[in-house]
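Colleague:
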Amino acid sequence: MNRKNIQKRYLNFVSFFLLLFICACAARLPIPEKPTGQPVWPPPPETPRIKWLTQWSNSQDFEMIKPVDLLIREAVLHLLFRPNGVVSDNAGNVYVADSQLHQIFVFDVEKRTLRFLGEGLLDTPVGLAVDNKRGVIFVSDAKLGTVSGFDKKTGNVVVSFRITDAEVNKPSGMVYDEERDRLYVSDTKNHVIRAFAKDGTPLFTIGKRGDGDGEFHTQSYVALDRNGRLYVVDLFNFRVQIFDPDGKFVKKFGRLGDVPGTFTRPAGIGVDSEGHIYVVDTAFNNFQIFNDEGRLLLWVGKAGKGAGEFQSPTGIYVDKEDRIYVTDTFNRRVQVFQYLREKK
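For the sequence shown, position 339 (counting from the first letter as 1) is numbered 338 according to numbering that gives the first Met the number 0, and the numbering increases by one without interruption.
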């Protein structure tokens, strides 16, 4: 055997054991365990209204990957690290903005795989919105001050724009109005909501800094109801404000406090098919559910790692089937719940 063949075999030998080492390290990564059972809220004997369904956190969520498969297909498991905004499309695919890993995790239920959007193009993705008609996923980047729209199938950028010409801005929460082809973006740094056409053309702004009706202090996440009304989490005014589709103030609710029905660090917001309003509170480690008048109906969650338990949750999204997606940020997962409608 000549020297060249010996070197080649040696390199193959070293490469093989290096791959084994990488796989062994991957196997020791702290993957969030899937809780057993499907708890409901409120608990029996009361009629349940919220049911825990599942969680998404890594590339093993669709199928169990055996160690030998890691050698052949992938050496490193892909894990959520700092999930923030979350949205789902009409097919049930779940999109999660990972602010630390600079990309969008796509839990693709159609293809039964985990894939990514925005690799190498994003810095600090925060908010997400979906245009189902065109198959576009919008993402706000708080560090770059931009909004980008990705084709959900190809990953290509189909639209990209800065939310303002000013040097300092910080886009966070977003929501897309498919009926009016309008994107609402929360410009947290400048204390306004900005409305854009689907191609990024500015339309109008809502609000200014203050504590009056229609004014904000570091507003963050936004949501729409089925009638096109806009719901805004007014973070440091500790309230939710509601506007009509043209930005006219309608009503508000909420106040600072440390008891159910009040807010300390309100974050994500969503609205279900019956008009119930869901607000995540990062400090309470839960989400609270209010009626249209702002009266507390129920809250779900406490500190922990089990089903319906959280460590600093952030984003929330309620889809058209009343599935509720919550980014459980420091548990590095998205938890999925179901609103149980009243039988008629």
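No residue lacks a Cβ here, since even glycine has one placed at the ideal position from N, Cα and C.
On a predicted model such as this, the values are computed, not experimentally measured, just so you know.
When you compare only the Cα positions, how much space is there between Val278 and Ala165?
Modeller: On the sequence shown, position 279 is the one that residue 278 refers to. On the sequence shown, position 166 is the one that residue 165 refers to. For Val278 and Ala165, the distance between alpha carbons rounds to 31 Å.
Colleague: So, for Lys151: in the same chain, excluding its five sequence neighbours on each side, which residues have a beta-carbon less than 6 Å away from its beta-carbon?
Modeller: Position 152 of the sequence shown holds residue 151. Here the set comprises Gly134, Ile136.
Colleague: Leaving out the 5 sequence neighbours to the left and right, which residues in its chain are closer than 6 Å to Gly314 when beta-carbon positions are compared?
Modeller: Reading the sequence shown from its first residue, position 315 is the one you call residue 314. Closer than 6 Å at Cβ, skipping near neighbours: Asn83, Gly84, Val85, Gly267, Thr326.
Colleague: If you check the beta carbons only, do Leu52 and Arg81 fall under 9 Å apart?
Modeller: Mapped onto the sequence shown, residue 52 falls at position 53. Mapped onto the sequence shown, residue 81 falls at position 82. Cβ distance not < 9 Å, so Leu52 and Arg81 don't count as in contact.
Colleague: Quick one: residues in its chain with C-beta nearer than 8 Å to the C-beta of Ile103, no 5 flanking neighbours on either side, listed in chain order?
Modeller: For the purposes of this step, residue 103 is taken as the residue at position 104 of the sequence shown. The answer, listed in chain order, is Tyr94, Val95, Ala96, Asp97, Phe115, Leu116, Gly117, Leu121, Pro124, Leu127, Ile136, Val138, Phe149.
Colleague: I'd like to know whether the C-beta atoms of Leu255 and His275 end up nearer to each other than 9 Å.
Modeller: Mapped onto the sequence shown, residue 255 falls at position 256. Mapped onto the sequence shown, residue 275 falls at position 276. No.
Colleague: Our contact map puts Phe215 next to Asp198 with C-beta atoms below 8 Å; I'd like the distance itself, whole angstroms only.
Modeller: Translated into the one-based positions of the sequence shown, residue 215 becomes position 216. Translated into the one-based positions of the sequence shown, residue 198 becomes position 199. About 26 Å; that fails the 8 Å criterion.
Colleague: Report the start-end ranges of each beta strand (DSSP E) in the region 233-285 that is 3 residues or longer and not cut off at the edges.
Modeller: Correct list: 238-242, 248-252, 265-270, 276-280.
Colleague: So what's Thr217 in DSSP terms, helix, strand or just coil?
Modeller: Residue numbering aside, residue 217 sits at position 218 when the sequence shown is read from its first letter. Thr217 falls in the coil class under three-state DSSP.
Colleague: Counting C-beta neighbours from all protein chains within 10 Å, is the total for Arg181 16 or more, i.e. buried, or is it exposed?
Modeller: For the purposes of this step, residue 181 is taken as residue 182 along the sequence shown, with counting starting at 1. It is buried - the Cβ of Arg181 has at least 16 other Cβ atoms within 10 Å.
Colleague: Please say whether Ala306 and Pro38 have beta carbons closer to each other than 9 Å?
Modeller: Taking the sequence shown and counting its residues from 1, the one referred to as residue 38 is at position 39. Taking the sequence shown and counting its residues from 1, the one referred to as residue 306 is at position 307. Yes, Cβ-Cβ distance for Pro38 and Ala306 is below 9 Å.
Colleague: How should Asp212 be labelled, buried or exposed, when 16 other C-beta atoms within 10 angstroms of its C-beta is the threshold for buried?
Modeller: To locate residue 212, count along the sequence shown from 1; it is residue 213. It is exposed - the Cβ of Asp212 has fewer than 16 other Cβ atoms within 10 Å.
Colleague: Cα separation between Leu79 and Arg331?
Modeller: Looking up residue 79 in the sequence shown gives position 80. Looking up residue 331 in the sequence shown gives position 332. Rounded to whole angstroms, Leu79 to Arg331 spans 5 Å at the Cα level.
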